[in-house]
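Below is one structure, written out as structure tokens; comments come after it.
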Amino acid sequence: MTRALTTGQRTIRPDNEKRCPSWCARAHHCTARRLPGGEHASRPEVWVTDVGRFIATRYRDQRGNDRVELRVVLALADDEQVAQAQARHLVAVTRVVVDRVFGPAPGQQERQP
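Reading the sequence shown from the start, the letters are residues -8 to 104 in my numbering.
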């Protein structure tokens, strides 16, 4: 069973309350002014490489908290064991890189989520 995201009534917030940031794609990407729990969203940035696609989208919620969604689309090996190892390794290496980029600078306390 699916549920509607809206009540069917148009709800638009005043411009001074929900003005879009310069990077917001507006239109159908941005739900900040249309939905009670909506958020600003950038246009997805897509990098097509020789190994696959990398897609990044930036979001800002109603409280002003920013986040990024990163999707990676890659072909796995035909062999099942190799494919599982590739997927696990990708997750592990991604975690290391994310910790390095978004973690505390050397000598600083760790941030609380």
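Note that beta-carbon positions come from the ideal geometry of N, C-alpha and C, so glycine has one too.
Determine the DSSP secondary structure at residue i, reduced to helix, strand or coil.
{"i": "D90", "result": "helix"}
{"i": "V42", "result": "coil"}
{"i": "L81", "result": "helix"}
{"i": "E71", "result": "helix"}
{"i": "A96", "result": "coil"}
{"i": "R47", "result": "In the sequence under discussion, the amino acid at residue 47 is Ala, which differs from the Arg named in the question. Strand, per DSSP."}
{"i": "A23", "result": "coil"}
{"i": "A76", "result": "helix"}
{"i": "D57", "result": "strand"}
Compare the beta carbon distance of residue i and residue j with 8 Å and say whether it is the shorter of the two.
{"i": "R51", "j": "P12", "result": "yes"}
{"i": "A16", "j": "R34", "result": "yes"}
{"i": "A23", "j": "H31", "result": "yes"}
{"i": "G43", "j": "A66", "result": "yes"}
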